[in-house]
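Everything below concerns the one structure shown next.
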Amino acid sequence: MTRVGWLKLAIFPLCLAPLGLLVWKAANANLGANPIEAITHSTGDWTLRLLLVTLAITPLRKLTGQLWLIGLRRMIGLFAFFYGCLHFLTYIWLDQGFDVHSMAKDVYKRPFITMGFTAFVLLIPLAVTSTRKMIQRLGGRRWQWLHRLIYVTATAAIVHFTWAMKKDIHRPIEYGIVLAMLLGYRVVAWARASTGNQPKRVPEVTGIAAD
Amino acid sequence: MLIKKPADVASSEITPKRAYLSRRTFMAGAAAAGASLLAGRKLLEMGSPAQVVEAGAKLSTVKGPFGTDEKLTPYKDVTTYNNFYEFSTDKDGPAALAKDFRTRPWQVKVEGLVQKPRTFDIDDILKLAPLEERVYRHRCVEGWSMVIPWVGYPLSSLLKQVDPLGKAKYVEFTTILDPKQMPGQRARILDWPYIEGLRLDEAMHPLAILCVGLYGEALPNQDGAPVRIVVPWKYGFKSAKSLVKIRLVEQQPINTWNQAAPSEYGFYSNVNPQVDHPRWSQKMERRIDGSGFFASIKKIPTRPFNGYGDQVAQLYAGMDLRKYF
Ligand code: HEM
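Just so you know, the protein sequences line up as chains A and B, in that order. All the letters of the first sequence, read from the start, carry residue numbers 1 to 211 under the numbering used here. All the letters of the second sequence, read from the start, carry residue numbers 1001 to 1325 under the numbering used here.
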């Protein structure tokens, strides 16, 4: 197996660990007084964390010169989507009990839900087009443009997180700073590339196709 | 005599907690540890008669009015799921961070527009009126609720001691300010100290209690020891904790959450399913009563005035409760 293959084999169970922990705690009635709130928070936290890890891969591979790291990106991105689905499912099932009327009102009336919903919906096309076939069908450039939606998702997620808090927003601010750094890196990289003092960029998709 | 030997405690007072503990310890396979913990606490209680009613000490109570036969929230949940921002904004934070909070010596100043201002020692407060067990629903503005067997007596019993003047229209409650002991107060999350307020007629209502305990014991620190108020027809944040000052005033006090976010938290904050919080609906609530994960999925409808409308609705006759939310 390739280097990236081994690494993926190790990271896969790591990405499942938060879910495993939740299931374990739920089975042992160990999620605290309000288990549904605990699940909502944990799945939301992990969606955001994995989104940020996904966004960290490009800077990491460029800064370290370890270009093969790109091979991890799709898996981690899909795990972010997976936790996003669990988070959304927690909301529609455990929190709202499939009450469509109440949910429609929530999405429409409550800005923090509107934001979360936006963040989640924008992830769907990315998950759908994550296969090699889709990359080929769309063509690298177009695929790359589409997948820049993740910047919007991550930003909307931070806003969602901030607005979900009653008063203490130190956690969303911490995550927001991380996101700002990850996006800031790209801005700087683009600015440098367009003024021509950096070697030609390696097209992002080649890494994926090679995994 | 306020302290009782464990043997005198009516089993009804403590069963839910015991049942909880034994189940938990059994499942964790740590029955021995649990038993020694219980035994250890008993020894402590018996061995230190000087500390009359520190957190956890048994209180003798009589049954109070306005009870409910809804299932009680387990002791463990009442004492590990706390909104007490003076200690932490995480709900499981206060239980650990308040462990060494000192509740003796403790005094409560009652002042302002009164005939006879007075500073009460906490041990006088405990003896001012017979302690009643009041089983109340407790509805948090966040959409969850509990059923808690509080221990206390009508707030009016305290207020009558100081003879409010005719000019007094409101009562302002102040929580202790002590950043050394309360880590949450070291950050300006709210404008400390925590202030709450009631209209005088609300404060004099027989449902409003001065609370010194729960589950037949002195208040655990994380639940607002050594003395707090409980106003069951209002959202939980109105029931201010760890009080050091009660002031009778002419103008409506500015309560802390109202000051922090005026569009979200009003002065009255009566439980009202018709008036949504801007960030969540108040129509339903999730009851925390130890019935387990799947049972907790189903929310129950929130009732006007938290189900105490028969007792308190007339306090607000003619008021637009959407405006005065
Ligand atoms: C990419 C999409 C999303 C991300 C990254 C995300 C992230 C988060 C985070 C980090 C939290 C705070 C957790 C905590 O307090 O520890 C949260 C809370 C929450 N999210 Fe999301 N979320 C997303 C989408 C959604 C969607 C689609 C919904 C529902 C339509 C939703 C509903 C909620 C709710 C109800 C809470 C709890 C707020 C509270 O405790 O008051 N989220 N989310």
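Positions of the beta carbon are idealized from the N, C-alpha and C atoms, including for glycine.
Note to self: As a quick exercise: from B:Ala1096, B:Lys1160, B:Ser1291 and B:Arg1134, pick the residue whose alpha carbon is nearest that of B:Val1114.
What the structure shows: The option with the nearest alpha carbon to B:Val1114 is B:Lys1160.
Check: Going by alpha carbons, who is nearest to B:Glu1132 out of B:Ala1208, B:Tyr1308 and B:Lys1180?
Finding: If you compare the alpha carbons of B:Ala1208, B:Tyr1308 and B:Lys1180 with that of B:Glu1132, the shortest gap goes to B:Ala1208.
Check: If B:Gly1056 sits next to B:Val1249, beta carbons under 8 Å apart, how far is it from one beta carbon to the other, in whole angstroms?
Finding: Actually they are not in contact, since the Cβ atoms of B:Gly1056 and B:Val1249 sit about 35 Å apart, beyond 8 Å.
Checklist line | Under 8 Å by beta carbon: chain B residues contacting A:Gly97 | finding: Here the neighbours are Ile1297, Lys1298 and Lys1299.
Next item on the list: For A:Thr153, collect the residues of the same chain with a Cβ closer than 6 Å to its Cβ; drop the 5 residues on either side in sequence, then sort them by chain order.
Entry: Excluding residues within five positions, the ones whose Cβ falls inside 6 Å are Ala119, Leu122 and Leu123.
Next item on the list: Along the alpha helix (DSSP H) that carries A:Val187, what are the first and last residues, could you check?
Entry: Start and end: His170 to Thr195.
Checklist line | Contact under 8 Å by Cβ, B:Met1146 with B:Asp1077 | finding: Taking 8 Å as the Cβ cut-off, B:Met1146 and B:Asp1077 qualify as a contacting pair.
Check: CB of A:Ala164 to nearest heavy atom of the ligand ADP: below 7 Å?
Finding: This structure lacks the ligand ADP; its bound ligands are the ligand HEM.
Item checked: Exposure of B:Gln1295, with buried meaning 16 or more beta-carbon neighbours within 10 Å -> The residue asked about is misnamed: residue 1295 of chain B is Ala in this sequence, not Gln. Residue environment for B:Ala1295: exposed (fewer than 16 other C-beta atoms within 10 angstroms of its C-beta).
Notebook entry, point to check: Which runs of the beta strand (DSSP E) fall wholly inside the region 1104-1189 of chain B and span at least 3 residues, in chain order?
Noted result: Look at the region 1104-1189 of chain B and you find these whole runs of beta strand (DSSP E), each 3 residues long or longer: 1107-1112, 1118-1121, 1132-1139, 1144-1154 and 1170-1175.
Checklist line | Contacting residues, own chain, Cβ-Cβ under 6 Å from B:Phe1325 (five flanking each side not counted) | finding: Closer than 6 Å at the Cβ level, and outside the excluded window around B:Phe1325, lie Gly1266 and Val1275.
Item checked: Where the beta strand (DSSP E) through A:Leu69 begins and ends -> First-last for A:Leu69: undefined, no H or E at that position.
Margin query: Using beta carbons (cut-off 8 Å, strictly below), is B:Tyr1081 in contact with chain A?
Written below: With 8 Å as the cut-off, B:Tyr1081 counts as an interface residue toward chain A.
Note to self: Within a Cβ cutoff of 8 Å, which residues of the same chain sit near B:Arg1104, ignoring the five residues on either side of it in sequence?
What the structure shows: Cβ contact annotation for B:Arg1104 (same chain, cutoff 8 Å, sequence separation greater than five): Gln1051, Glu1054, Ile1122 and Pro1226, in chain order.
Check: Rounded to whole angstroms, how far is the Cβ of B:Phe1173 from the Cβ of B:Ile1229, which I believe are closer than 8 Å?
Finding: At roughly 6 Å, the Cβ-Cβ gap stays under 8 Å, so B:Phe1173 and B:Ile1229 are in contact.
Check: Which one of B:Gly1152, B:Leu1072, B:Gln1282 and B:Asp1124 has the shortest CA to CA distance from B:Val1141?
Finding: Taking only the C-alpha atoms, the option nearest B:Val1141 is B:Gln1282.
Next item on the list: Enumerate in chain order the residues of its own chain whose CB-to-CB distance from B:Phe1305 is below 7 Å, with the five nearest sequence positions on each side excluded.
Entry: Around B:Phe1305: Trp1233, Asn1270, Val1271, Val1312 and Ala1313.
Check: Can we count A:Ala191 as close to the ligand HEM, meaning its CB is less than 7 Å from some heavy atom?
Finding: Answer for A:Ala191: no, Cβ out of range of the ligand HEM.
Next item on the list: Please determine, among A:Met103, A:Asp95, A:Arg3 and A:Gln96, the residue with the shortest C-alpha to C-alpha distance to A:Gln66.
Entry: Among A:Met103, A:Asp95, A:Arg3 and A:Gln96, the Cα nearest to that of A:Gln66 is on A:Arg3.
Check: Can you find a C-beta in chain A that's less than 8 Å from the C-beta of B:Ile1189?
Finding: Look at B:Ile1189: its C-beta is under 8 Å from a C-beta on chain A.
Checklist line | Inter-stretch contact (C-beta, 8 Å, three-pair minimum) for the region 1078-1086 of chain B and the region 1195-1208 of chain B | finding: At 8 Å Cβ cutoff, the stretches do not touch.
Check: Three-state secondary structure (DSSP) at A:Trp163?
Finding: DSSP places A:Trp163 within a helical segment (H, G or I) once states are collapsed to three.
Item checked: alpha helix (DSSP H) runs wholly inside the region 1245-1287 of chain B, at least 4 long, in chain order -> Counting only runs of 4 or more residues that sit fully inside the region 1245-1287 of chain B, the alpha helix (DSSP H) segments are 1256-1260, in chain order.
Check: Going by C-alpha distance, which of B:Ile1148, B:Val1212, B:Ala1129 and B:Val1231 is nearest B:Leu1158?
Finding: Out of B:Ile1148, B:Val1212, B:Ala1129 and B:Val1231, B:Ala1129 has the C-alpha closest to the C-alpha of B:Leu1158.
Item checked: C-alpha distance - B:Ser1239 paired with A:Leu60, whole-angstrom precision -> Per the coordinates, the alpha-carbon of B:Ser1239 lies some 50 Å from the alpha-carbon of A:Leu60.
Note to self: Comparing C-alpha positions only, which one of B:Tyr1268, B:Lys1169, B:Ile1125 and B:Trp1150 sits nearest to B:Lys1323?
What the structure shows: Out of B:Tyr1268, B:Lys1169, B:Ile1125 and B:Trp1150, B:Tyr1268 has the C-alpha closest to the C-alpha of B:Lys1323.
Note to self: Once the 5 residues before and after A:Thr40 are set aside, which same chain residues still bring their CB inside 6 Å of it?
What the structure shows: Cβ neighbours of A:Thr40 beyond the five flanking positions: Thr90.
Check: Any C-beta of chain B sitting closer than 8 Å to the C-beta of A:Ser102?
Finding: So yes, A:Ser102 belongs to the interface.
Margin query: What are the residues in the region 1284-1296 of chain B lying within 9 Å of chain A by C-beta distance?
Written below: With the criterion set as a beta carbon lying under 9 Å from some beta carbon of chain A, the members of the region 1284-1296 of chain B are Met1284, Arg1286, Ile1288, Gly1290, Gly1292, Phe1293 and Ser1296, in sequence order.
Notebook entry, point to check: Which residues of chain B have a Cβ atom closer than 9 Å to the Cβ of A:Phe161, listed in chain order?
Noted result: What A:Phe161 touches in chain B, judged by beta-carbon distance under 9 Å, is nothing: the nearest beta carbon there is about 13 Å away.
Notebook entry, point to check: When you check each C-beta in the region 14-40 of chain A against every C-beta of chain B, which residues fall closer than 8 Å?
Noted result: Residues of the region 14-40 of chain A with a C-beta atom less than 8 Å from some C-beta of chain B are Ala26, Asn28, Ala29, Leu31, Gly32, Ala33, Asn34, Pro35, Ile36 and Glu37, listed in chain order.
Notebook entry, point to check: If we ignore side chains and look at the alpha-carbon of each, how far apart do A:Tyr185 and A:Ala10 end up?
Noted result: Going by C-alpha positions, A:Tyr185 is about 28 Å away from A:Ala10.
Check: Buried or exposed: A:Arg97, going by 16 or more other Cβ atoms within 10 Å of its Cβ?
Finding: Here residue 97 of chain A turns out to be Gly, not Arg, going by the sequence shown. Exposed, since its Cβ has fewer than 16 Cβ neighbours within 10 Å.
Check: Can you round the beta-carbon distance between A:Pro125 and A:Leu94 to whole angstroms, since I take them to be within the 8 Å contact cut?
Finding: Contact doesn't hold; Cβ gap of about 26 Å is too wide.
Item checked: Residue from A:Leu183, A:Ile158 and A:Ala189 with nearest C-alpha to A:Glu174 -> It is A:Ile158.
Next item on the list: Whole angstroms is fine: what's the gap from A:Phe12's alpha carbon to A:Trp46's?
Entry: One C-alpha to the other measures close to 14 Å.
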